[in-house]
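K.L.:
Taken in sequence, the protein lines are chains A and B.
In this text, residue positions in the first sequence follow this note's numbering: the first is 1, and each later residue adds one.
In this text, residue positions in the second sequence follow this note's numbering: the first is 259, and each later residue adds one.
Glycine residues also receive a C-beta, built at the ideal position from the N, C-alpha and C atoms.
Protein chains: 2
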Amino acid sequence: MAMGKTLSQAVEADLTVGASTHPLIRKLSTYTKLSAEEETAIVDASTKMVSFDANEEIASRGDKVRGVNLLLEGFACRYKYLEDGRRQILAFLLPGDLCDLHVFLINRMDHSIAALVPSKVAMIAPANILRFTNDFPNLTRALWWTTLLDEAITREWVVNTGQRTAYERTAHLFCELFHRLRLIGRTDGNSYRLPLTQAALGDTLGLSSVHVNRTLQELRRNGLISLRNSILTINNLAGLERAALFSRDYLHLASSAG
Amino acid sequence: MAMGKTLSQAVEADLTVGASTHPLIRKLSTYTKLSAEEETAIVDASTKMVSFDANEEIASRGDKVRGVNLLLEGFACRYKYLEDGRRQILAFLLPGDLCDLHVFLINRMDHSIAALVPSKVAMIAPANILRFTNDFPNLTRALWWTTLLDEAITREWVVNTGQRTAYERTAHLFCELFHRLRLIGRTDGNSYRLPLTQAALGDTLGLSSVHVNRTLQELRRNGLISLRNSILTINNLAGLERAALFSRDYLHLASSAG
DNA sequence: CGCCGTGTTGACTATTCTCAACCCAGGTGG
DNA sequence: CCACCTGGGTTGAGAATAGTCAACACGGCG
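Spelled out as structure tokens, the structure:
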């Protein structure tokens with residue numbers, strides 16, 4: 001439950017990523033072809049890099065916007081507390097994801113974001129986003145598209161917590177993360193790094209950590225997954241997807257420029 | 259559970275709403291001041307009106323985009339079925355809401371939308387949205403902002419189904435709808451029209467209809483609400499909000515242009 | 001008049017939570 | 001080098017929350 005307080009160990013450094021390997025450009029390119037000018041604008045806007053420790057907050061509920069955070073490396077999550085301490089994790093953020101593009105439009109965070117492992121974040125100043133919307137309609141549509149993808153995933157999480165059983169729900173999360181991580185080359189065969197305690201999984205799935213434990217055992221017993229040392233291996237992807245009632249359409253994995 | 263099939267009783271008609279009373283212009287104006295040119299563009303883009311019956315589908319999962327639907331009058335919902343028939347309602351759409359702005363960016367519906375009462379919808383052709391992003395950056399930001407508001411609400415629904423009990427969850431939904439409807443002048447004192455069966459409430463809240471029934475009784479017994487003939491009356495708003503652990507910040511009710 | 005959709009109730013069941021204990025591995029300090 | 005501490009993970013027992021099934025009530029409508 002404890003997320004740790006925000007330490008100010010964030011270290012600024014220069015980002016020397018070329019356009020071709022820039023994770024945001026890679027992501028947007030699946031939606032549309034960016035012009036050289038647009039790519040340059042993105043690279044120029046994201047030169048300021050900050051490192052965060054595991055469990056360090058990247059942005060807090062109630063904060064005014066300081067900039068838009070682009071996750072370059074690591075693993076982070078959005079989450080929200082109820083007054084009495086219950087916590088719900090709302091999303092996982094992977095390299096290439098914009099953590100809080102909404103804040104430039106919404107001005108105060110209504111939830112928090114924290115790194116789950118040591119992470120690197122590029123801070124994009126709000127003025128840059130404003131400039132994008134004024135000068136680069138194509139880039140604007142691509143950024144908008146990323147927020148709509150986020151929403152599609154959030155909607156599926158509503159289905160997950162609202163309709164699926166603990167077993168289906170857990171399987172579904174593992175399927176979703178597998179597909180998202182594979183897309184950005186962060187899987188190793190059928191395995192990927194899942195740096196979550198069972199308590200954090202519980203806060204994600206709306207389950208107690210005890211029940212998460214028992215659900216994981218059942219998934220293992222049925223030969224669908226292995227999970228040891230924060231490495232999740234999917235032993236039977238088709239079976240796991242069937243158990244999860246998983247349908248990948250909501251991830252919009254293929255390009256869909258129109 | 260049955261949503262009814264799409265009847266083709268949709269009737270086209272001309273929309274003769276002036277800019278000042280256009281529900282979308284009213285909504286966007288809480289974010290930013292629109293220019294006369296932008297207002298005209300919106301009015302011109304939304305002249306084609308279609309009527310839908312109660313329980314008629316406005317858009318179906320898998321559909322290719324035909325246009326963006328702007329709800330002018332009525333009450334609609336997004337929802338998604340699992341293969342085995344379980345249904346989750348994902349959002350309620352009120353007058354002024356854009357039903358599926360995401361589709362012009364995402365090209366196929368990953369969920370469905372249906373009217374819950376007889377409703378009027380303006381169909382905005384995708385070409386218009388494209389034009390907005392090319393020619394009207396200010397308007398584009400305003401439209402983007404509406405999709406981010408939708409996402410903030412969806413995130414809160416994840417918290418709702420993930421963390422709140424049936425009682426808290428039901429109370430929370432009633433608070434949310436009250437604030438959203440009041441903003442668009444659709445409340446009558448502490449009452450508003452809630453055209454949902456207990457089964458539909460169950461599909462919204464991730465509860466069985468029987469449990470919804472018992473939860474409603476408890477809310478009545480505690481003097482928080484009355485609900486008869488699809489009219490919900492909040493007898494004690496502060497009490498209901500307390501019971502729901504409701505915090506209105508996620509609705510971003512005040513203007514927040516930046 | 002009778003049917004159908006919706007709401008209500010009771011009895012029973014299933015899922016999930018809570019609490020408490022215990023285990024194990026890794027890190028720390030003596 | 002070892003004792004201890006701490007943060008996960010695991011297990012059992014019992015309780016609470018929510019689901020299922022089946023019956024019945026009620027009102028609108030053909």
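1. Given that a residue counts as buried once 16 or more other Cβ atoms are within 10 Å of its Cβ, and exposed if not, what is Lys263(B)?
2. Quick check: Asp110(A) and Tyr289(B), are their CB atoms within less than 7 Å of each other?
3. Which residues does DSSP pair with Gln346(B) in a beta bridge?
4. Beta carbon of Ala142(A), beta carbon of Leu28(A): below 7 Å?
5. Determine, using beta carbons only, whether Leu240(A) comes closer than 7 Å to chain B.
6. Under 9 Å Cβ-Cβ, which residues of chain A neighbour Ala410(B)?
7. What in chain B is Cβ-close to Leu71(A), meaning under 7 Å?
8. Applying the criterion that 16 or more other CB atoms from any shown protein chain within 10 Å of the CB defines a buried residue, is Asp446(B) buried or exposed?
9. Between which two residues does the beta strand (DSSP E) containing Lys378(B) stretch?
10. Check whether the Cβ atoms of Val417(B) and Lys80(A) sit closer than 7 Å, and answer yes or no.
11. Take Ala383(B) and list the residues in its own chain whose beta-carbon comes closer than 6 Å to its own, dropping the five residues that flank it on each side.
12. Please report whether the beta-carbon of Asp446(B) lies at a distance below 7 Å from any beta-carbon of chain A.
13. Pull up the distance between the alpha-carbon of Gly497(B) and that of Leu482(B), whole angstroms please.
14. Inspect the beta-carbon positions of Gln217(A) and Ser209(A) and report whether they are closer than 7 Å.
15. Between Thr161(A) and the rest of its own chain, which residues show a CB-CB distance below 8 Å, the 5 nearest in sequence each way excluded?
16. Could you tell me the distance, in whole angstroms, from the CA atom of Ser112(A) to the CA atom of Lys64(A)?
17. With 16 other CB atoms within 10 Å as the buried threshold, where does Thr154(A) fall?
18. Report the rounded CA-to-CA distance for Asp100(A) versus Asn69(A), giving the unit in angstroms.
19. Kindly indicate which residue of Arg164(A), Leu194(A), Ser191(A) and Leu173(A) has the alpha-carbon position closest to the one of Leu340(B).
20. Do you know whose CA, among Asp97(A), Leu90(A) and Arg78(A), lies nearest His22(A)'s CA?
21. Just the C-alpha distance for Ile283(B) and Ala36(A), rounded to the nearest angstrom, thanks.
22. Whole alpha helix (DSSP H) runs in the segment 14–52 of chain A with 4 or more residues, listed along the chain?
23. Roughly how many whole angstroms lie between the Cα atoms of Asn190(A) and Leu177(A)?
24. Using 6 Å as the cut-off, classify the Cβ of Ile231(A) as near or not near the heavy atoms of the ligand MN, replying yes or no.
25. Please name the residue or residues paired with Tyr450(B) in a DSSP beta bridge.
26. On the criterion of 16 or more Cβ atoms from any shown chain inside 10 Å, does Ala429(B) qualify as buried, or is it exposed?
27. With 7 Å as the threshold, decide whether the Cβ of Asn471(B) is near any Cβ in chain A.
28. Could you have a look at Leu251(A) and say whether DSSP puts it in helix, strand or coil?
29. Is there a Cβ from chain B that is less than 7 Å from the Cβ of Glu57(A)?
30. List the residues of chain A whose Cβ lies closer than 7 Å to the Cβ of Asp507(B), in chain order.
31. Output, in chain order, the set of chain B residues within a Cβ distance shorter than 7 Å of Pro137(A).
32. For chain A, check one thing: does any of its Cβ atoms lie closer than 7 Å to the Cβ of Thr419(B)?
33. Once the 5 residues before and after His252(A) are set aside, which same chain residues still bring their CB inside 8 Å of it?
34. Within the continuous alpha helix (DSSP H) that includes Glu241(A), where are the two ends?
35. Could you pull the DSSP bridge partners for Leu70(A) from this structure?
36. Counting pairs of Cβ atoms below 8 Å between the segment 294–309 of chain B and the segment 385–404 of chain B, do you hit three or more?
P.N.:
In this structure, then:
1. Since pLDDT at Lys263(B) reaches only 36, below the 50 mark, its modelled position is unreliable, and no value is offered.
2. Their beta carbons are not under 7 Å apart, which means Asp110(A) does not touch Tyr289(B) by this criterion.
3. BP columns for Gln346(B) point to Lys338(B).
4. For Ala142(A) and Leu28(A), yes; Cβs fall inside 7 Å.
5. Chain B contact via Cβ: absent.
6. Among the residues of chain A, those whose CB is under 9 Å from the CB of Ala410(B) are His102, Ile106, Asp110 and His111, following chain order.
7. Chain B residues near Leu71(A): none, gap ~18 Å exceeds 7 Å.
8. Classification for Asp446(B): exposed.
9. According to the DSSP assignment, Lys378(B) belongs to the beta strand (DSSP E) that extends over Ser377 to Ile382.
10. In contact: Val417(B) and Lys80(A) (Cβ atoms closer than 7 Å).
11. Cβ within range, chain order: Gly325.
12. Answer no: the Cβ-Cβ gap between Asp446(B) and chain A never drops below 7 Å.
13. Cα to Cα, the separation comes out at about 7 Å.
14. Not a contact, by the Cβ cut-off of 7 Å.
15. Within the same chain, Thr161(A) has close Cβ partners Arg169, Leu205 and Gly206.
16. Approximately 12 Å, taken between the alpha carbons.
17. Looking at its Cβ environment, which holds 16 or more other Cβ atoms inside 10 Å, Thr154(A) is buried.
18. Per the coordinates, the alpha-carbon of Asp100(A) lies some 6 Å from the alpha-carbon of Asn69(A).
19. Residue Arg164(A) is the option with its Cα nearest to Leu340(B).
20. That would be Asp97(A), whose Cα lies nearest to the Cα of His22(A).
21. For Ile283(B) and Ala36(A), the distance between alpha carbons rounds to 35 Å.
22. The qualifying runs are 23–29 and 36–45.
23. A direct Cα-to-Cα measurement between Asn190(A) and Leu177(A) gives close to 11 Å.
24. Among the ligands in the structure shown, none appear at all, so the ligand MN cannot be discussed.
25. Residue pairing by DSSP places Tyr450(B) opposite Leu490(B) in a beta bridge.
26. The residue is buried, with at least 16 neighbouring Cβ atoms inside 10 Å.
27. Under the 7 Å criterion on CB atoms, Asn471(B) is classed as non-interfacial with respect to chain A.
28. It is helical.
29. At least 7 Å separates the CB of Glu57(A) from every CB of chain B.
30. At a beta-carbon threshold of 7 Å, the residues of chain A lying near Asp507(B) are Asp110, ordered along the chain.
31. Within chain B, Thr391 and Asn392 have C-beta atoms less than 7 Å from the C-beta of Pro137(A), given in sequence order.
32. Yes, contact with chain A.
33. Here the set comprises Leu149 and Ala152.
34. It spans Leu237 to Ala244 - the alpha helix (DSSP H) in which Glu241(A) sits, taken as one unbroken run.
35. Leu70(A) has Leu98(A) and Ala122(A) as its beta-bridge partners, per DSSP.
36. By the C-beta criterion, the segment 294–309 of chain B is judged to be in contact with the segment 385–404 of chain B, since at least 3 inter-stretch pairs fall below 8 Å.
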